[in-house]
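Below: the structure, in C-alpha cells.
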Amino acid sequence: MDSTDVRRQWKHRSGEFSPEYYAYYGPDETSERIRRRLERHLDRGRDATVLELGCSSGRHLSHLHANGFENLAGLEMNAHAFDVMEDAYPDLADDGTFYLDAIEDAVEDFEDDQFDAVYSVETLQHLHPDAAWVFDELSRIAGELLITAENEGNADPDSDSEPDSSGSDSSANRTPDRAASSDPDVNYVNDEFPLYYRDWNGIFTDRGCTELDATEGRRDTIRTFRTSSD
C-alpha cells in the first residue's frame with residue numbers, strides 16, 4: 001500500500017471513523033487538551049490563526065470556536081466532511097476557512113508561518129513513509145506552535161475493541177509489522193488502513209523545533225513544539 005492508496009481510503013471513508021462518526025461523538029478530552037495548550041503557549045492567545053490537519057467534520061475545531069478562537073482553519077480531503085460540518089457545527093462552518101485537499105497536495109502551497117499554530121489529532125500517524133517530507137513543511141508553515149496528538153504505540157494492548165466514548169479508533173490491531181528497517185512500525189486499524197508509530201519528538205526536534213510539553217494518555221501522546229526561534 002502506497003501513499004495514494006492511503007489517501008484514497010480516507011477520501012471516501014464512510015461508517016466507522018467517518019465524518020458522521022466523529023460528529024456523533026463530538027468534542028472530547030483531546031479537544032480540551034489542545035485548547036489548553038494553545039491558550040498557554042500562543043502569544044496571541046485566542047486571536048491566533050490555527051490550522052487543524054485532517055479536521056474531518058470539525059469536532060475539535062468546534063470546541064476551539066466555542067471557547068473564543070475565531071481564526072480557525074481546517075484541511076480535509078473528504079468532501080462530505082464539510083456537509084456534515086454544516087449540519088453539526090454550522091457556526092464553525094460559516095466562520096472558519098477550510099481547504100478540501102490532501103495534506104501532501106496542499107501543504108507546499110501555504111506560506112511560511114501562515115498559521116500561528118498547526119495541530120493534528122490521529123492524522124499524521126496515517127501518513128505513508130514516502131510522504132515524510134511533509135514534516136519539513138509543517139515546521140515551516142507553523143509560526144509558533146505545532147501540536148501532535150498521535151498514537152505512538154503506547155495504547156493498552158488489552159483495551160476493549162469497541163470505540164471509547166470519544167470515538168477513538170481503539171479497535172486497531174495491536175501487533176505491529178516492520179515494513180522496512182528504515183520505516184516506522186506499522187499497524188492496521190480493523191485490518192484496513194495503516195497506522196504508523198513514529199517518534200514525534202525526534203521528528204520535529206530534528207527539524208529545529210523545541211518540545212515544550214508532552215503528556216502520555218491511554219491512547220495518544222500529546223506533544224507541543226515551539227517552531228519559532230524567538
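Under this note's numbering, think of the first position of the sequence shown as 1, with each following residue one higher.
Just so it is clear, CB atoms sit at the ideal spot from N, CA and C, and this is done for glycine as well.
Remember, predicted model here, so these are calculated numbers, not experimental data.
Beta-carbon proximity check, residue i vs residue j, cutoff 8 Å
i: residue 59; j: residue 27; result: yes
i: residue 35; j: residue 64; result: yes
i: residue 100; j: residue 82; result: yes
i: residue 219; j: residue 211; result: no
i: residue 104; j: residue 131; result: yes
i: residue 78; j: residue 19; result: yes
i: residue 203; j: residue 135; result: yes
i: residue 47; j: residue 67; result: no
For residue j and residue i, believed in contact at Cβ under 8 Å, the rounded distance
i: residue 146; j: residue 118; result: 5 Å
i: residue 148; j: residue 200; result: 5 Å
i: residue 232; j: residue 198; result: Residue 232 lies beyond the range of the chain shown here (1 to 230); nothing can be said about it.
Length of the line joining the Cα atoms of residue i and residue j
i: residue 232; j: residue 41; result: The structure shown has nothing for residue 232, since the chain only spans 1 to 230.
i: residue 73; j: residue 108; result: 16 Å
i: residue 31; j: residue 93; result: 17 Å
i: residue 184; j: residue 196; result: 6 Å
i: residue 143; j: residue 112; result: 7 Å
i: residue 228; j: residue 50; result: 15 Å
i: residue 85; j: residue 208; result: 35 Å
Three-state secondary structure assigned by DSSP to residue i
i: residue 30; result: helix
i: residue 226; result: strand
i: residue 184; result: coil
i: residue 143; result: strand
i: residue 61; result: helix
i: residue 19; result: helix
i: residue 10; result: Here the model assigns residue 10 a pLDDT of 44, short of 50, so the residue's position is not dependable and the matter cannot be decided.
Beta-bridge partners of residue i, as assigned by DSSP
i: residue 120; result: 53, 148
i: residue 99; result: 75
i: residue 213; result: 224
i: residue 42; result: Answer by DSSP bridge pairing: none, since residue 42 is not bridged.
i: residue 195; result: 187
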